[in-house]
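To keep things clear, I will list the structure first and then write my remarks on it.
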Ligand code: MN
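Numbering (the working numbering), first residue to last: 14 to 734.
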C-alpha cells in the first residue's frame, strides 16, 4: 500500500485551482497572457511557501481563488496577476520593486494598492471604520481595479471564515454589510454583492439563517408545481409570438427575504406570495415586445410597472419590471432585460474590462472607468434619483473628488471641498480673475459655495472685478491659489508704492519739504545709499513697512545723505496718517480688536505686510507701542464708509428663540451678522461671541443700546482684544 501511495502523484488543492484558473482564462485571454499569470502563480506560490490558511491548505490557494472570481468576471490579465500576488508585499519578503521588475509597474501598483487596503483591514474596528473607508477610496481614485481585487479578496475570506470566535465573525460580517456590499452595489457588481450579503447574513445570524433556509426549501418544494405551470405558459406564449428569448424562474435570496420580513414585518408566506421570473432578450426592442406579450397574457397590477431601461437606476442597472396577476390569483413578478444588461447587472464596473484592446494601458482602463462614472452622473442627473444613490450607501466612493458641469456640459473634476472660485480658475485664469458670483443649477450663490457632484456651474463675471485676498481662504486648488496670488502680488506692489509715497510725503511735510521738489541728484544718492534700483522700489519698501518713512525723510532733509540718522520720534510723528479702512492690502484692520470709524486708533508697521491698524485700547497695541519706532499715529478719515466687522460678547438667558430675537434686532438696525460662536452655556445662561458689521461707532452704539433693552440680554460688551 505504502509503495503505491508514494508513486501516485496526489493532486494538491492549489494545483486544482490553478488548472481551473487557466481554463477560465483561456476563454478570453491569449496564451502569452495566461503564461504571465502562471508565472505570477509560481512567484506567489514560492513566496508564500510554508504559509498556511486556517483550513490547513497552502496559503497560495487563497489568492488563486480570488483570481478565479476575477477571471469569472473576465478581468484583464494585470488584475488577475495582481490578485494572485495580492498578499506578497504584505506577507512575504517580495517587494514592490521586484514585482515591478518582473511583472511591470501596473501590476506592482495594483498589488501595492491592495496591500494598503489590507493594512487598513487588519486594524479595522468599528470606530476606525470611517477612516478605513476613506483611505480605501483614496486607492480607488487611482485605479478602480484595486477595489475590485479587494472585493474579491473579501468575498473569498467570507467564504472561508471557518471556525473563529462568534464575536469576531459578527464584526467581519457587519463590516462586509456596511462597507463592502454597498461598494459592490455602487459599482453595479450585483453578483459579488449578493454573495457578500448571503455570507454575512449567515455569519451574523447562524440560527435565523438555518431556520429560514429550511422554511424556504420547504416552501419552494410546495411551489414547484405552480412555478412550472407559469413558466411553461410564458414560454409557450412567447414562442407563439415568435420571440426568441430565455425564461428563468428567479429565486429570491435568503438575505433579501430576511430583510423584507424584517422591514415590512411580514411572514415568510407573504414574502413567498410572489412568483418571480426573468426573461432575457437579444435586444432592447425585443424587451418591449416581450413586455407587451406578458401584459397581454396576465393583467398587470397598476402602478407596479417600472421602466429601468429608459430610466436606469443610479448604479446603471437596467431592466423592465412589472407585476402581473397570475393564475389562481398569485402575483407574478417579471424582469425583462437584454443579455448585455444582465451581464452589466452582475458584474457592473468589472464588465468594462471585458472589452480587450490591443493597447491595454492603464489610461485606457481609467478612461473607460471615467466614462462609466460620467454615465453614472448623467443617469443620476436625468433620473433625478440622487436620493436613492445616497440612501443605498453609507459611504462615499469618491471622497476626494467632485465632478461638476460647465454650462456647455463638459465635466470639470475638482478636489472635494472646491468652491466656485476653484472652478472658475480651473476653467481659465481670466475667468477666475473676473468672477463676482455664480449660478449653481440656475440659483444665484456666493463665490465661496462648495461644489457638489453633478451640479452645473455658471460663473458671472464683471469687468471691474478683481481677486480678493480673502479668496485664499476659500480655495483649495493650486491653480486658483497661484492665480489669486499672482494677481495680488502685482496689485499689492502698486498699493505699497502708493502708501509709501503718502507716508514719505507726510514725513517730509513735517520738515516743510515736498518730494517733487527734491533734487534728482539727491534722490539718486539716496537710492545708492539704500541700495535701491528705483524710487518706486524704495517707496514700496516703505509701504510694506520694511523701511521707516521718517528715517528716509530725515536723510533727505540732511545736507549729507550719508550721515547717520539719529532716531527722534518726537519730531517724526506730528500729523497722523489719515485712513479710510478700505485702502486694500497694505493697510489692514487688526482682527484682535477690530477698530471701526470713530475709534481712536494707532498704526503699526508690520515688516513685509504694511500697516496694521489697532484700537487704541487694544492690548496688542500697547505691546506694540513699547517698540517706539514701529508705530505711527493714524486717524479715521471723516468720510470713511463701509461695513466694518466688530465683535461683541453677549450673555443671554438660555431659552428658545433667544438667538433669533437678537439676530432680528441686529438686522433691523441694518447690520449683518458674520459669525456667532457659543463660548459658554449652561441651563440658564448662554454666552455668545457675535461678529457683526457696522458703519461706525455711532452705529454700533445704537445696536448695543437696543440689545441692552431686550429682557433676555443680561450683559453686553464690545470685544477689544
Ligand atoms: Mn487576501
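The beta carbon of each residue, even a glycine, is placed where N, CA and C say it ideally should be.
Item, Value
"Can you list, in chain order, the residues of its chain with a C-beta nearer than 6 Å to that of residue 367? Leave out the 5 residues immediately preceding and following it.", "Since pLDDT at residue 367 reaches only 49, below the 50 mark, its modelled position is unreliable, and the value read off the structure follows with that caveat. Result list for residue 367: 87, in chain order."
"Starting from the C-beta of residue 281, find all residues in its chain whose C-beta is less than 6 Å away, skip the five residues before and the five after it, and write them out in chain order.", "228"
"Using the Cα positions of residue 502 and residue 495, report the straight-line distance between them to the nearest angstrom.", "10 Å"
"So within the stretch 585-649, which uninterrupted alpha helix (DSSP H) runs reach at least 4 residues, ignoring any that extend past its ends?", "632-639"
"Comparing alpha-carbon positions, which option in 182, 31, 429 lies nearest residue 52?", "31"
"Would residue 468 pass as a contact of residue 453 if the rule is Cβ separation under 9 Å?", "yes"
"Could you please give the first and the last residue of the uninterrupted beta strand (DSSP E) stretch that includes residue 288?", "288-294"
"Name the residue from 531, 647, 188 whose alpha carbon lies nearest to the alpha carbon of residue 629.", "647"
"Contact defined as beta carbons within less than 8 Å: I believe residue 164 pairs with residue 217. What is the distance between those atoms, to the nearest angstrom?", "In fact, because the Cβ distance is near 19 Å, the residues do not count as touching under 8 Å."
"Does the ligand MN have even one heavy atom less than 8 Å from the beta-carbon of residue 309?", "no"
"Could you tell me if the beta carbon of residue 125 falls within a distance shorter than 8 Å of some heavy atom in the ligand MN?", "no"
"Please report how far the alpha carbon of residue 249 lies from the alpha carbon of residue 240, in whole angstroms.", "14 Å"
"Could you tell me which of 106, 311, 350 sits nearest to residue 339, measuring between CA atoms?", "311"
"Between the stretch 714-723 and the stretch 686-700, can you find at least three pairs of beta-carbon atoms closer than 8 Å?", "no"
"To the nearest angstrom, how far is it from the Cα of residue 301 to the Cα of residue 274?", "32 Å"
"Looking at the secondary structure, which residues open and close the beta strand (DSSP E) in which residue 299 lies?", "No beta strand (DSSP E) contains residue 299, which is instead part of the alpha helix (DSSP H) from 297-310."
"In whole angstroms, what separates the C-alpha of residue 121 from that of residue 427?", "27 Å"
"For residue 371, which residues of its own chain have a beta-carbon under 6 Å away from its beta-carbon, when the five flanking residues on both sides are left out?", "Caution applies to residue 371, whose pLDDT of 42 falls short of 50 and renders its modelled position unreliable; the model cannot decide the point."
"Please confirm whether residue 661 and residue 626 have their CB atoms less than 9 Å apart.", "no"
"Is there at least one non-hydrogen atom of the ligand MN closer than 8 Å to the beta-carbon of residue 79?", "yes"
"What do you reckon, are the CB atoms on residue 71 and residue 25 nearer than 9 Å?", "yes"
"If you scan the stretch 641-721 from start to end, which runs of the alpha helix (DSSP H) of 4 or more residues do you find wholly inside it?", "671-681"
"What residue range is occupied by the uninterrupted beta strand (DSSP E) comprising residue 350?", "344-351"
"According to the Cβ coordinates, are residue 125 and residue 161 closer than 9 Å?", "no"
"What residues match up with residue 480 in a beta bridge as DSSP calls it?", "Answer is none; residue 480 lacks a bridge partner."
"Could you tell me if residue 196 is buried or exposed, where buried requires 16 or more neighbouring beta carbons within 10 angstroms of its beta carbon?", "buried"
"Can you give me the start and stop residues for the beta strand (DSSP E) that residue 452 sits inside?", "448-453"
"To the nearest whole angstrom, what separates the beta carbons of residue 7 and residue 451, a pair I think is in contact under 8 Å?", "Because the chain spans 14 through 734 in this model, residue 7 falls outside it and cannot be assessed."
"Within this structure, are the beta carbons of residue 420 and residue 470 separated by less than 9 Å?", "yes"
"Who are the Cβ neighbours of residue 559 in its own chain at under 6 Å, not counting the five residues just before and after it?", "620"
"Can we say the stretch 74-82 touches the stretch 99-118, given the rule of at least three CB pairs closer than 8 Å?", "yes"
"Is the separation between the beta-carbon of residue 607 and that of residue 704 shorter than 9 Å?", "yes"
"At a threshold of 8 Å, does residue 61 count as lining the ligand MN (C-beta to nearest heavy atom)?", "no"
"Determine the direct distance from the alpha carbon of residue 593 to that of residue 504, and round the result to whole angstroms.", "18 Å"
"Decide yes or no for the touch test of the stretch 343-352 against the stretch 325-335: beta carbon pairs closer than 8 Å, at least 3 of them.", "yes"
"Considering only heavy atoms of the ligand MN and the C-beta of each residue, which residues fall inside 6 Å, strictly closer?", "75, 99, 100, 166"
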